[in-house]
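Per our numbering, the very first residue in the sequence shown carries number 110; after that it's consecutive.
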Amino acid sequence: MNGLALMTRLRKHTTITGILFFSICAVLVLSHYITMSSAWTQDEIIVPVGDIPIIDGIQDAAWNKANVTKSGEIDIINLKAMINSSYLFILVEIQATNHDDDEYIKLLLSNSSDFEDEDFIDAKLIQTRNFSKADNRSYIITDQVYYEGEYISDNQTNFVGAANISAGNKYSYYEFSIPFASVNNDTLNDTSIVLGNTFALKVEFGIHKEDQSPTSVERTEELLITLEKKEGGGNGDIEEFPLNLKILSYVMFSITGVAFIVIAVITFQSRSKI
Ligand SMILES: [Ca+2]
Ligand SMILES: [Ca+2]
110 MNGLALMTRL RKHTTITGIL FFSICAVLVL SHYITMSSAW TQDEIIVPVG
160 DIPIIDGIQD AAWNKANVTK SGEIDIINLK AMINSSYLFI LVEIQATNHD
210 DDEYIKLLLS NSSDFEDEDF IDAKLIQTRN FSKADNRSYI ITDQVYYEGE
260 YISDNQTNFV GAANISAGNK YSYYEFSIPF ASVNNDTLND TSIVLGNTFA
310 LKVEFGIHKE DQSPTSVERT EELLITLEKK EGGGNGDIEE FPLNLKILSY
360 VMFSITGVAF IVIAVITFQS RSKI
């Protein structure tokens with residue numbers, strides 16, 4: 110083999126190695142980006158008219174009429190939402206490997222579709238105690254308001270909530286009944302909930318033992334919920350989820366990336382044969 114042939118072969122190997130290295134890096138970066146960004150499987154949902162659930166921390170049949178979305182990587186958070194004429198009902202299911210006796214769920218509610226920190230003026234907290242012990246399991250509920258960078262208790266709690274654990278699967282359930290503005294229009298401390306409007310919402314999941322600071326706090330990305338408003342009422346058939354543009358953009362980006370890599374390899378191989 111002469112020097113020119115050796116140089117050509119070395120250049121070919123270097124280029125193939127470079128393309129492979131670039132491809133692996135691109136896949137790793139892309140997969141990491143998808144993991145970090147895929148907060149909700151549906152990050153915009155229409156909240157349909159459903160049934161009235163019993164607020165007891167148990168997932169009853171009424172929730173079959175709710176729309177649902179999922180978040181989380183290790184601790185899975187399933188969120189179901191539906192309305193009747195006066196209340197927004199939200200069920201949060203936590204599929205955690207190990208539940209803590211002092212775990213809590215806090216719903217953070219924006220007064221609109223805006224989702225800067227200061228837009229989430231309202232928080233509904235369900236704090237559990239002795240949660241793994243069926244005999245003395247309990248919970249407390251607190252309405253909160255965002256004030257100077259933190260959530261403090263409202264003067265009045267304007268929602269009903271309950272928490273429990275399913276005996277069958279050990280998941281924990283947090284059930285909320287939140288009144289519309291027509292029932293409670295406390296625009297200083299609470300989100301003013303109106304049919305047809307879109308609200309941003311986040312779910313905070315953590316552990317808060319008495320007289321200690323919260324630990325293991327996980328907060329989802331924002332979820333946009335639009336309260337269904339049907340002309341003339343009706344029983345509110347569940348609507349299809351809107352197209353998730355974020356996930357669609359990931360798929361299109363991935364396909365374009367793979368196509369680019371294939372074209373680059375074919376082009377190089379064609380040149381090397383000339
Ligand atoms: Ca229930
Ligand atoms: Ca509040």
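Cβ atoms here follow ideal geometry from the backbone N, Cα and C, with glycine treated the same way. Just so you know, these numbers come straight off a predicted model, no measurement behind them.
Quiz item: Which one of Asp211, Glu182, Gly315 and Gln151 has the shortest CA to CA distance from Ala61?
Solution: It is not possible to answer for residue 61, since the shown part of the chain is limited to 110 through 383.
Quiz item: Which class does Phe350 belong to by DSSP, given the choice of helix, strand or coil?
Solution: As a position in the sequence shown, residue 350 is number 241, starting the count at 1. Confidence at Phe350 is low in this model, with a pLDDT of 37, below 50, so the placement of that residue is unreliable and no value is reported for it.
Self-check item: Check: Glu284 C-beta below 7 angstroms from any heavy atom of ligand 1
Solution: By one-based count along the sequence shown, residue 284 stands at place 175. Yes, since a heavy atom of ligand 1 falls inside the 7 angstroms radius drawn around the Cβ of Glu284.
Quiz item: What is the DSSP secondary structure of Leu327, reduced to helix, strand or coil?
Solution: By 1-based counting over the sequence shown, the position of residue 327 is 218. Correcting the residue identity first, residue 327 is Glu in this sequence and not Leu. DSSP places Glu327 in strand when its eight states are reduced to three.
Quiz item: Do Ile192 and Leu336 have their C-beta atoms closer together than 8 angstroms?
Solution: Counted from its first residue, the sequence shown places residue 192 at position 83. Counted from its first residue, the sequence shown places residue 336 at position 227. Yes, the Cβ-Cβ distance between Ile192 and Leu336 is below 8 angstroms.
Quiz item: Taking the continuous beta strand (DSSP E) assigned at Asn176, which residues delimit it?
Solution: The residue you call residue 176 lines up with position 67 of the sequence shown. From DSSP, the beta strand (DSSP E) with Asn176 extends over Asn176 to Ser180.
Quiz prompt | Backbone secondary structure at Val95 - three-state DSSP | solution = One cannot answer for residue 95 here, as it falls past the ends of the chain, which runs 110 to 383.
Quiz item: ligand 2 heavy atoms versus the CB of Ala290: any closer than 7 angstroms?
Solution: The residue given as residue 290 occupies position 181 in the sequence shown. No, ligand 2 has no heavy atom inside 7 angstroms of this Cβ.
Quiz item: Taking the alpha-carbon positions, what's the Phe369 to Gln378 distance?
Solution: Residue mapping note: residue 369 aligns to position 260 of the sequence shown, counting from 1. Residue mapping note: residue 378 aligns to position 269 of the sequence shown, counting from 1. So the two alpha carbons sit approximately 14 angstroms from each other.
Quiz prompt | Residue of Val269, Gln168, Lys318 and Phe224 minimising C-alpha distance to Thr329 | solution = In the sequence shown, counting from the first residue as 1, residue 329 sits at position 220. Considering only alpha carbons, the answer is Phe224.
Quiz item: Applying the criterion that 16 or more other CB atoms from any shown protein chain within 10 Å of the CB defines a buried residue, is Lys338 buried or exposed?
Solution: On the sequence shown, position 229 is the one that residue 338 refers to. Flag for Lys338 reads exposed.
Quiz item: Terminal residues of the continuous beta strand (DSSP E) containing Lys233?
Solution: Start at 1 with the first residue of the sequence shown, and residue 233 comes out as number 124. Here the beta strand (DSSP E) through Lys233 covers Asp231 to Arg238.
Quiz item: Who are Thr307's beta bridge partners in DSSP?
Solution: In the sequence shown, counting from the first residue as 1, residue 307 sits at position 198. According to DSSP, which records beta bridges pairwise, Thr307 is partnered with Thr335.
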